[in-house]
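Residue numbers (UniProt numbering): 1 to 394.
Worksheet: one structure, shown below.
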Ligand code: LMR
């Protein structure tokens, strides 16, 4: 029977990881997949996670099943981190998932269960896996304008005009912060305007937040998600712990469904547990347990927040260095946007030919849409990248 299967398209970001690994050039620079690397090129286990792991090894007495939605303590801790006190806990259903991708998938599954005809409005561009999952699930996709190729900022007028076409029964997929792949983000005023539009149209927002703490700080990065969750009758939120806790391979995420009342919350909670059961039964626990320990122990939490802030500051420093190096070499401000973008990524806004040239002639790897991972740089490689960008003629 399997002779009916066709080759599936490779995920562009993950395929690039392999091409990079196979490149024998010692000077190669990886600005591809969204993984944080320190100045030595290492993705470290965060100090607080390491400490929690040690503690867990000493105290854990069983590996028996948790609940279908994971350990409720994980949901409580993450809801507090993402939503603060913006929504009553009794109105939030939540389930642990395998990473942020699992949360996105379970969220889309819930949408499909509720309304098989839902259209999902997504920012153009968005994380390619959003579209791949939607296509696989057969949900209709509608792009909304987002990135302004000239300014490399948000095309807010275009975005609002397109989102006005979403209505009740549709989903508006938003990035909570640190937009992937562009690095261009909404201001607080723009978030307020988006919320007013959602209230007017009745479309349901779904927010993917995978980089909280990487942009303007833990609280500021949650501004949009908290405003949306406290202003509309219902929304979905997919949160990832991969990046801000550095637990990539542990697959740690949470899907949240916010509703207007506790009766609806009960149904949503049952739905999320049901969906977990259908797909993999119990979600992975190890990473979720570590995150819970870090968030609920004041000393571990303070150390984690401090290390995350160091990471954020180092990325901001690299942005500033790259923007000024490019200003010096080009004699213009046309790369100033790199200093204004936030999060792990910036989209250069150049052609895939130029991206290929950077790879072939300079051993510099970035995603074909010209997304570069700022965290793949260090102070020594920034001038090398800047020179290469000017040399290939971007
Ligand atoms: C990325 O966008 O590079 C990361 O989110 C990793 C992934 O799974 O694609």
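Yeah, the Cβ is synthetic: ideal placement off N, Cα and C, and Gly gets one too.
Quick caveat, the model's predicted, so the values are computed rather than measured.
Environment of residue i [buried if 16+ CB atoms lie within 10 Å]
i           : result
residue 189 : exposed
residue 337 : buried
residue 164 : exposed
residue 208 : buried
residue 117 : exposed
residue 260 : exposed
residue 74  : buried
residue 332 : exposed
residue 288 : buried
residue 212 : buried
residue 325 : buried
Contact belief for residue i with residue j at Cβ below 8 Å, rounded distance in angstroms
i           : j           : result
residue 258 : residue 92  : 5 Å
residue 243 : residue 34  : 7 Å
residue 295 : residue 386 : About 38 Å; that fails the 8 Å criterion.
residue 180 : residue 210 : 7 Å
residue 103 : residue 238 : 4 Å
residue 367 : residue 16  : 6 Å
residue 214 : residue 137 : 28 Å between Cβ atoms; not a contact.
residue 374 : residue 346 : 6 Å
residue 13  : residue 245 : About 20 Å; that fails the 8 Å criterion.
Alpha carbon of residue i to alpha carbon of residue j, nearest angstrom
i           : j           : result
residue 123 : residue 223 : 19 Å
residue 79  : residue 328 : 44 Å
residue 94  : residue 66  : 14 Å
residue 142 : residue 300 : 43 Å
residue 52  : residue 247 : 12 Å
residue 109 : residue 275 : 8 Å
residue 262 : residue 151 : 44 Å
residue 70  : residue 251 : 13 Å
residue 135 : residue 8   : 12 Å
residue 285 : residue 24  : 38 Å
residue 303 : residue 47  : 7 Å
residue 200 : residue 167 : 9 Å
residue 60  : residue 384 : 48 Å
residue 153 : residue 147 : 6 Å
residue 351 : residue 282 : 43 Å
residue 63  : residue 83  : 30 Å
residue 85  : residue 184 : 27 Å
residue 265 : residue 293 : 26 Å
residue 372 : residue 348 : 7 Å
residue 354 : residue 77  : 44 Å
residue 125 : residue 370 : 12 Å
residue 221 : residue 186 : 11 Å
residue 22  : residue 31  : 15 Å
residue 45  : residue 249 : 11 Å
residue 267 : residue 230 : 20 Å
DSSP-derived helix/strand/coil call for residue i
i           : result
residue 147 : strand
residue 339 : helix
residue 330 : helix
residue 175 : strand
residue 93  : strand
residue 140 : strand
residue 46  : coil
residue 124 : strand
residue 205 : strand
residue 280 : coil
residue 157 : helix
residue 223 : helix
residue 345 : strand
residue 104 : helix
residue 364 : strand
residue 358 : helix
residue 25  : coil
residue 239 : strand
residue 1   : coil
residue 373 : strand
residue 232 : coil
residue 258 : strand
Cβ-based neighbour list, residue i, same chain, cut-off 8 Å, excluding 5 preceding and 5 following
i           : result
residue 174 : 123, 194, 205, 206, 207, 208, 224, 228
residue 216 : 177, 342
residue 272 : 69, 93, 94, 95, 106, 110, 255, 257
residue 161 : 145
residue 318 : 374, 375, 377, 378, 379, 382
residue 312 : 213, 214, 215, 217
Same chain only: Cβ atoms within 6 Å of residue i, ignoring 5 sequence neighbours per side
i           : result
residue 29  : 364, 381
residue 121 : 142, 144, 166, 172
residue 270 : none
residue 192 : none
Residues of its chain near residue i, where Cβ-Cβ distance is below 7 Å and the 5 sequence neighbours each way are ignored
i           : result
residue 99  : 240, 242, 251, 252, 253
residue 357 : 392
Residues with a Cβ closer than 5 Å to any heavy atom of the ligand ADP, in chain order?
-> Questions concerning the ligand ADP fall outside what the structure shown contains, since the ligands it does hold are the ligand LMR.
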